[in-house]
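What follows is one structure encoded as structure tokens, with my remarks underneath.
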Amino acid sequence: MANEPESGGPRWWRRSRDLALAAARAAHADASQAMVHLESLEVDLNELSAIDAAAAARRARANPVGFRTPLADAWDQLSVRTGLPALEFYEMDAAYDAAADLEESEAQRFAQRFAAVAGQLRGLFPEVDAFRAQHSVALDAALALRDAVPELIRTATTTLKEAGLALAAGSAAGMEDPSARTAHARASTDLGAARAAADERRWVEAHAAATRARGDAGTALELASTLEARGAQVRNGFLSVRTRCDALRNQQGRLDDAMSQLRRRYTLPTWRHVEDAPAVVTASLRRVEDDLVALDRLLAARPLVVPDAADLLAAVRTSVTEADRRLRAAVDLLAHLDEVSRNPDQTLADLQRRLVDTRRFVAGRSAQEATRMSPTLDKLAARAESLRSAIGEDRPDWGAVLAEKESIEAAIDAMIRNARNG
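Each residue of the sequence shown is one higher than the one before, starting from 694 at the first, in our numbering.
As structure tokens, then:
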């Protein structure tokens, strides 16, 4: 090389020039090292601050363009300060040729400028370190978001593939779930969007799309993998509810007899609330019969749309349950009224026993609790005595007696439950 003496040291006839060239090379190497270190300190800060701003904009449901955060603002200010000496270094680096045999003055100028910029670069090291420490929480969150994207995409990809296989198996078995198909399609679309955004390093968009894809793929897999089991449940439920419906039809005679006795033996206010029970039960059973026919057609269809059949089965069960509830309400009312009217003394004795047991319970509580509960218990005992008077009338209103008895018992239960629950 023209500027490298054969002996490796400065040549005597141009000693000062060779020393200047050596100093320039050393200064260049030192500045390059400082620049590399500064870049290592600043690595990802630009991207992480952008992630922080984009994530904050998404949380705020705002336009990400121009959205600012404390981290982004601080980084903009710091990057200006670090950018100026960095720009100067790269301009000098582009102009400097270490292999060129520069004039002494030019070599000295490069040495001086490289030394000066190296000092500026090193002077920024503590500032960048302090910046990272000050904004560590936001930086760590942005880094975690970016680093989570590949795994999210991998998980969504695997789950989506499994969901597709499960859907195919369900179709082969003659069963479908449109919701599973829809979720699978959404997941596929979002997964494509996540991959595209990740390739372009739009990490917040990639993370959001990958998260949606994973969720929808999971939904599709859950729905698809349970298709056959849910289909079997509907078939079994159909048989069960049909049996319940037959049993209710057989019990309608009991309802008619109960209503007849209620009308004949007790006052209207006593049974007014169950007066429409026969009509409700008849209408419910008629609706159930129609729905069972429709459900039978759904179960025979191919493919079996499982959610539709499950929804119809649920409606049938609701109707059967309501009919059963109304029938039992009327039949049980008659039984309770008969029990009270045939043996009123036993009714009073049972109620008195409940009150005695409750007083023992109150006595076992703290003094403060006992003081608080005693007035309520005294009022209930007074109501029980009034009930004794009502039963002793010439023509007792057995409906009112029963209602008051049940009201006192409910109040006792509530008082004990509240005391135990603190």
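C-beta atoms are modelled at their ideal positions from N, C-alpha and C, and glycine is treated no differently. The structure presented is a predicted model; accordingly, all values stated were derived computationally and were not measured.
Given residue i, which residues of its chain have a CB within under 8 Å of its CB, disregarding the five upstream and five downstream residues?
i       : result
VAL1033 : THR1040, TRP1091, VAL1094, LEU1095 and LYS1098
LEU1044 : ALA1077, LEU1080, LYS1098, ILE1101 and GLU1102
GLU982  : CYS938
ARG708  : none
VAL973  : GLU1015, ALA1016 and ARG1019
ARG935  : LEU985
ALA1066 : It should be pointed out that residue 1066 corresponds to Met in this sequence rather than to Ala. Closer than 8 Å at Cβ, skipping near neighbours: VAL1055, ARG1058, MET1108 and ALA1112.
ALA765  : SER742, ALA743, ASP745 and ALA746
GLY946  : none
ALA1063 : VAL1055 and ALA1056
Taking DSSP's pairing of strands, which residues face residue i in a bridge?
i      : result
GLU869 : VAL998
What's the gap between the Cα of residue i and the Cα of residue j?
i       : j       : result
LEU1026 : ILE1084 : 18 Å
ASP1038 : SER1012 : 40 Å
GLU697  : ALA800  : Because GLU697 sits at a pLDDT of 49, beneath the cut-off of 50, its placement in the model cannot be relied upon, and the following sentence gives the value as read from the coordinates. Distance between the alpha carbons of GLU697 and ALA800 is about 14 Å.
ALA695  : ALA890  : The predicted position of ALA695 is uncertain, since its pLDDT is 45 and thus under 50; a value taken from the coordinates is nonetheless stated next. Their backbone Cα atoms lie some 52 Å apart in a straight line.
THR875  : PRO757  : 29 Å
GLU699  : PRO778  : At GLU699, the pLDDT of 46 sits below 50, so the modelled position is not reliable; the number obtained from the coordinates is stated separately. Looking at the two C-alpha atoms, the distance is approximately 36 Å.
MET1108 : PRO1068 : 12 Å
ALA791  : SER881  : 55 Å
ALA809  : GLY885  : 50 Å
ARG1046 : ALA1028 : 22 Å
ASN1036 : ALA970  : 27 Å
ARG1110 : ALA1104 : 10 Å
PRO1089 : GLN954  : 17 Å
THR975  : ARG965  : 18 Å
ALA787  : LEU780  : 11 Å
LEU988  : ARG847  : 41 Å
Can you name, in chain order, every residue of its own chain whose Cβ lies under 6 Å from the Cβ of residue i, other than the five neighbours on each side?
i      : result
LEU734 : VAL821
MET785 : ARG806
ALA727 : ALA811, LEU814 and ARG815
THR762 : ASP745, ALA746 and ALA749
VAL736 : none
Report back the beta-carbon spacing between residue i and residue j to the nearest angstrom; my notes put them in contact at under 8 Å.
i      : j       : result
GLY924 : VAL999  : 5 Å
ALA717 : LEU795  : 7 Å
ASP751 : VAL897  : In the sequence as displayed, the identity of residue 751 is Arg instead of Asp. Going by Cβ atoms, the distance from ARG751 to VAL897 rounds to 6 Å, so yes, they are a contact pair.
LEU992 : ASP1001 : About 10 Å separates the two Cβ atoms, so there is no contact after all.
ALA691 : ALA804  : Given a span of 694 to 1115 for the chain in the structure shown, any question on residue 691 remains unanswerable.
LEU845 : ARG907  : 6 Å
LEU832 : ARG825  : 6 Å
ASP767 : HIS828  : Before going on, a small fix: residue 767 reads as Ala here, not Asp. With a Cβ gap of about 6 Å, ALA767 and HIS828 count as contacting.
Is residue j closer than 8 Å to residue i when the C-beta atoms are compared?
i       : j       : result
ALA724  : PHE818  : no
ALA1023 : MET952  : yes
VAL842  : HIS900  : yes
VAL1055 : LEU1073 : no
ASP883  : ALA902  : yes
HIS877  : TYR789  : no
GLU740  : ARG888  : no
ASP909  : ARG879  : yes
SER872  : LEU920  : no
GLY930  : LEU1006 : yes
GLU797  : ARG710  : yes
Starting from the C-beta of residue i, find all residues in its chain whose C-beta is less than 7 Å away, skip the five residues before and the five after it, and write them out in chain order.
i       : result
PRO996  : SER864, GLY867, MET868 and GLU869
TYR959  : LEU1030, TRP1091 and GLY1092
LEU978  : CYS938, LEU941, ARG942 and ALA1016
THR912  : ALA876
ARG905  : ASP883
ARG1052 : LEU1070
Check whether the Cβ of residue i sits closer than 7 Å to any heavy atom of the ligand GTP, and report yes or no.
i       : result
SER1059 : By its list of ligands, the structure shown contains no ligand whatsoever, and the ligand GTP lies outside what it can speak to.
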